[in-house]
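> Sequential numbering from -8 applies to the sequence shown in our numbering. The following block contains the structure, expressed as structure tokens.
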Amino acid sequence: MRTAVVILNWNTAPLLERFLPGLAASLPPDAEVLVADSGSTDGSMELLAARFPEVRRIPLDANYGFTGGYNRAFRAVCGLPGAEQMEYFVLINSDIDVEKGWLEPLVAWMDAHPGYAACAPKLHAWQERDRFEYAGAAGGLIDRLGYPFCRGRVLKRTERDTGQYDGLTDVFWASGACLLVRREDFERAGGLDDRFFAHMEEIDLCWRFLLEGRKVAVVSDATVWHLGGGTLPADSPWKLRLNYRNNLLLLENNLAQSLALEAMEKGLPPEKAARKGCRGAKRTLLLRRLLDGLSALVYLFSGKPAYFRSVLEAHKAFRKIRKGIILEEIRSYARSHEGYAAPLRDPYWIVPVALCKGNRIFDYLRKRYENRH
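Below, the structure is given as structure tokens:
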């Protein structure tokens, strides 16, 4: 088993029944699909035993979320017979549709590019197979305030795939809906951050990869199709709460280090760069919390009190689990990473740019990124 393809399942038996046969049939001989089950109560494990007895199962005693579930699944897979030769670990949702040959380009890319910690296929919508899907499209980027967006998806707007991003490999992050990571990089990073539970955890992981000088790519020779909403519907107040909370965690985890690297690229010594990084990250977090408060008011006055409460609860939860930005830690990072390239964040705030540009946002971004590269 060179490549372990792991579905983390929680009460999605109908999706397993629909998509697992195609996934299992698509894999090359040195890859294996496994299902880690997060204490499902919908008969998922019974379905697997009856319909797919050849698929190895990893039963978890509870739902630990995407982060805790995959961390436990990774450790379990590493301890299985035949896992000694495992080099790649694939996180894949139960609502992903694949065609034969989707995995081989990803493995080939990683084999040929040892500087990369992770890669992903292009993500299309299952409902419109030639249109990019919201969760990851052709790879993710992040703006100066920490708002994520994608090549092919900005805010809620998506575009059709006409090959416009083919050949453009490096991205800031790739979707955890289907993400191949190098085993040694996943281990070195300590896996996913358990505090996230679900949503944006893959962005945090990829950002941490970048901060260690590793790279992330989207391989345009591979495409999968994502149904979406398999576990949480798009309009779930709980999902909104996770997104608001986790976006703040994402910034607290990584922004100060990124700003310190940017400062050192401009000639500041590590000590001063660390202080500047901490100040900048704290200012950005304060601004983001203010912007979140404004968005909460918009929800309230537009007749969405559940969303208003979700934002307030997200900030309360963030205050409970945050670790803080500690100058000594950033100083130590800056000293040991002098000369590293800073992860390339978009210099603008994507929200007003997207609102102003409307349907022209994709052409605008493509031209701007072509000029930068």
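By construction, the Cβ of each residue, glycine as well, lies at the ideal position given by its N, Cα and C atoms.
Give the DSSP-derived three-state secondary structure of Phe75 in the structure shown.
Reading the sequence as shown, one finds Glu at residue 75 and not Phe. Coil.
> Cα-Cα, which of Ser31, Ser35, Asp195 and Val(-4) is closest to Ala4?
Ser35
> Which value, in whole angstroms, describes the spacing of the CA atoms of Trp229 and Gly258?
44 Å
> Gly30 lies in the beta strand (DSSP E); which residues open and close that run?
Run containing Gly30: none; DSSP gives neither H nor E here.
> Have a look at Leu233, Glu175 and Phe177 and flag the residue whose alpha-carbon is nearest the alpha-carbon of Lys307.
Leu233
> Can you grab the Cα-Cα spacing for the pair Ile312 / Lys273, in whole Å?
16 Å
> Excluding the 5 residues preceding and the 5 following Asp184 in the sequence, name in chain order all residues of the same chain whose CB lies nearer than 8 Å to its CB.
Excluding its 5 nearest sequence neighbours in each direction, Asp184 has C-beta neighbours in its own chain below 8 Å: Thr58, Glu192, Asp195, Leu196, Leu240 and Asn244, listed in chain order.
> Tell me whether the segment 267 to 283 and the segment 125 to 138 touch, counting them as touching only if at least three CB pairs, one residue from each stretch, are closer than 8 Å.
Taking a cut-off of 8 Å on C-beta distances, the segment 267 to 283 touches the segment 125 to 138, as three or more cross pairs fall below it.
> Indicate whether the contact test is met: 3 or more Cβ pairs, each with one atom in the segment 65 to 77 and one in the segment -6 to 13, closer than 8 Å.
yes
> Considering only the alpha carbon of each residue, which of Ser211, Val344, Lys206 and Cys69 lies closest to Thr153?
Ser211
> Between Leu291 and the rest of its own chain, which residues show a CB-CB distance below 6 Å, the 5 nearest in sequence each way excluded?
Phe299
> Check whether the segment 119 to 126 and the segment 322 to 333 are in contact - that is, three or more C-beta pairs closer than 8 Å.
no
> DSSP on Tyr61, reduced to helix/strand/coil?
helix
> How would you write the range of the alpha helix (DSSP H) that Asn234 sits in, first residue to last?
Start and end: Pro228 to Glu256.
> In three-state terms, what does DSSP make of Thr(-6)?
strand
> Could you check whether Leu94 and Pro19 sit closer than 8 Å to each other, using their CB atoms as the reference points?
yes
> Under a Cβ-count criterion, where at least 16 other Cβ atoms within 10 Å of its own Cβ denotes burial, should Gln118 be classed as buried or exposed?
exposed
> Can you tell me whether Ile373 is buried or exposed? The criterion is at least 16 other CB atoms within 10 Å of its CB, across all chains shown.
Because the chain spans -8 through 364 in this model, residue 373 falls outside it and cannot be assessed.
> Nearest to Glu175 by CA position, among Lys314, Leu346, Tyr355 and Phe65, is which residue?
Closest option to Glu175, judged by alpha-carbon separation, among Lys314, Leu346, Tyr355 and Phe65: Phe65.
> For Ala108 versus Val172, is the C-beta spacing smaller than 8 Å?
yes
> I need the boundaries of the alpha helix (DSSP H) containing His190, first residue and last residue.
Here His190 belongs to no alpha helix (DSSP H), and DSSP marks it neither H nor E.
> Relative to the C-alpha of Leu51, which residue among Ala41, Trp1, Asp28 and Arg186 is closest?
Asp28
> For the alpha helix (DSSP H) that Leu39 lies in, which residues bound it at each end?
Ser35 to Arg42
> What's the C-alpha gap between Val344 and Tyr360?
14 Å
> Quick one: what's Ala111 bridged to in DSSP?
Val209
> Taking 8 Å as the cut-off, decide whether the C-beta atoms of Val215 and Ile87 are in contact.
yes
> Quick one, are the C-beta atoms of Pro296 and Leu201 less than 8 Å apart?
no
> List the whole-angstrom C-beta distance separating Leu82 from Tyr55, where the pair is believed to meet the contact cut-off of C-beta under 8 Å.
Contact doesn't hold; Cβ gap of about 14 Å is too wide.
> Does DSSP put Trp216 in a helix, a strand or coil?
In the structure shown, Trp216 sits in a strand (DSSP, three-state: E or B).
> How long is the line joining the alpha carbons of Gly284 and Ala305, rounded to whole angstroms?
11 Å
> With a threshold of 7 Å on Cβ separation, who are the neighbours of Gly158 within its own chain once the five nearest residues in sequence on each side are excluded?
Ser211
> Taking the C-alpha atoms as reference points, what is the distance between Lys314 and Leu282?
21 Å
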